[in-house]
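71 is the number of the first residue of the sequence shown in the numbering used here; add one for each residue after it. Even glycine gets a Cβ: it sits at the ideal position worked out from N, Cα and C.
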Amino acid sequence: MPTYISLIKWTDQGVQSFKESVSRAQAARDMAERMGGTLKDVYWTVGECDIVSIADFPDDATGTAFLLAIGSQGNIRTSTMRAFDEEQFAEVLGKLG
71 MPTYISLIKW TDQGVQSFKE SVSRAQAARD MAERMGGTLK DVYWTVGECD
121 IVSIADFPDD ATGTAFLLAI GSQGNIRTST MRAFDEEQFA EVLGKLG
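Structure, rendered in C-alpha coordinates:
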(Lines of atoms letter the chains of each structure in order from A and count residues from 1; the text may use other names and numbers.)
(Lines give C-alpha, C1' and ligand atoms only; values in the text may rest on other atoms or scores of the structure.)
Protein backbone atom coordinates (compact mmCIF):
# COMPACT_ATOMS: atom_id res chain seq x y z
CA MET A 1 0.00 0.00 0.00
CA PRO A 2 1.35 3.49 -0.79
CA THR A 3 2.57 5.50 2.18
CA TYR A 4 2.01 9.23 2.63
CA ILE A 5 3.77 11.57 5.03
CA SER A 6 1.85 14.75 5.84
CA LEU A 7 3.27 17.92 7.34
CA ILE A 8 0.34 19.59 9.05
CA LYS A 9 -0.22 23.13 10.27
CA TRP A 10 -3.15 24.26 12.34
CA THR A 11 -5.37 26.95 10.90
CA ASP A 12 -6.56 29.77 13.16
CA GLN A 13 -9.68 27.67 13.80
CA GLY A 14 -7.61 24.58 14.58
CA VAL A 15 -5.30 26.27 17.07
CA GLN A 16 -8.25 27.86 18.88
CA SER A 17 -9.57 24.36 19.57
CA PHE A 18 -6.19 22.64 20.09
CA LYS A 19 -7.54 20.76 23.12
CA GLU A 20 -9.68 18.71 20.71
CA SER A 21 -6.67 17.72 18.61
CA VAL A 22 -6.29 14.23 20.10
CA SER A 23 -9.96 13.41 19.53
CA ARG A 24 -9.74 14.83 15.99
CA ALA A 25 -6.77 12.53 15.34
CA GLN A 26 -8.84 9.54 16.48
CA ALA A 27 -11.68 10.62 14.20
CA ALA A 28 -9.16 10.84 11.35
CA ARG A 29 -7.94 7.30 12.15
CA ASP A 30 -11.53 6.06 12.02
CA MET A 31 -12.14 7.83 8.70
CA ALA A 32 -8.96 6.40 7.20
CA GLU A 33 -10.03 2.89 8.17
CA ARG A 34 -13.48 3.38 6.64
CA MET A 35 -11.73 4.40 3.42
CA GLY A 36 -9.53 1.29 3.41
CA GLY A 37 -6.41 3.00 4.75
CA THR A 38 -4.49 3.26 7.99
CA LEU A 39 -3.36 6.36 9.83
CA LYS A 40 -0.25 4.67 11.24
CA ASP A 41 1.37 7.44 13.25
CA VAL A 42 0.54 10.96 14.39
CA TYR A 43 3.14 13.15 16.06
CA TRP A 44 2.52 16.59 17.56
CA THR A 45 5.64 18.62 16.86
CA VAL A 46 7.31 21.88 17.80
CA GLY A 47 8.70 24.01 15.00
CA GLU A 48 7.56 24.75 11.47
CA CYS A 49 4.79 22.14 11.57
CA ASP A 50 2.31 21.38 14.32
CA ILE A 51 1.69 17.73 13.43
CA VAL A 52 3.33 15.07 11.26
CA SER A 53 1.36 12.01 10.20
CA ILE A 54 2.18 8.79 8.37
CA ALA A 55 -0.63 6.98 6.59
CA ASP A 56 -1.15 4.14 4.13
CA PHE A 57 -3.93 4.17 1.54
CA PRO A 58 -4.79 1.74 -1.26
CA ASP A 59 -4.08 4.36 -3.96
CA ASP A 60 -3.47 8.04 -4.61
CA ALA A 61 -7.14 8.79 -5.22
CA THR A 62 -8.14 7.41 -1.82
CA GLY A 63 -5.30 9.20 -0.04
CA THR A 64 -6.24 12.46 -1.72
CA ALA A 65 -9.92 12.02 -0.86
CA PHE A 66 -8.96 11.48 2.78
CA LEU A 67 -6.84 14.65 2.84
CA LEU A 68 -9.62 16.67 1.23
CA ALA A 69 -12.13 15.35 3.76
CA ILE A 70 -10.04 16.22 6.82
CA GLY A 71 -8.87 19.52 5.34
CA SER A 72 -12.43 20.61 4.60
CA GLN A 73 -13.16 20.61 8.34
CA GLY A 74 -11.11 23.81 8.57
CA ASN A 75 -8.73 22.85 11.38
CA ILE A 76 -5.60 22.01 9.38
CA ARG A 77 -3.69 22.58 6.16
CA THR A 78 -1.53 19.76 4.86
CA SER A 79 1.51 19.30 2.68
CA THR A 80 1.76 15.64 1.77
CA MET A 81 4.53 13.57 0.23
CA ARG A 82 4.34 10.11 -1.31
CA ALA A 83 6.93 7.95 0.47
CA PHE A 84 8.65 4.79 -0.76
CA ASP A 85 10.13 2.12 1.48
CA GLU A 86 13.31 0.29 0.46
CA GLU A 87 11.52 -2.45 -1.48
CA GLN A 88 9.29 0.01 -3.32
CA PHE A 89 12.22 2.24 -4.23
CA ALA A 90 14.18 -0.77 -5.50
CA GLU A 91 11.19 -1.47 -7.78
CA VAL A 92 11.36 2.12 -9.04
CA LEU A 93 15.08 1.73 -9.77
CA GLY A 94 14.39 -1.57 -11.53
CA LYS A 95 12.28 0.26 -14.09
CA LEU A 96 15.37 2.15 -15.25
CA GLY A 97 16.63 -0.93 -17.05
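Let's test the definition: count the other Cβ atoms within 10 Å of the Cβ of Asp-120 and tell me whether it reaches 16, buried, or not, exposed.
buried
Three or more beta-carbon pairs under 8 Å between the region 99-107 and the region 147-165, yes or no?
no
Does DSSP classify Leu-77 as helix, strand or coil?
strand
In whole angstroms, give me the CA-to-CA distance for Leu-163 and Glu-90.
43 Å
Mapping the DSSP letters down to three states, classify Thr-148 as helix, strand or coil.
strand
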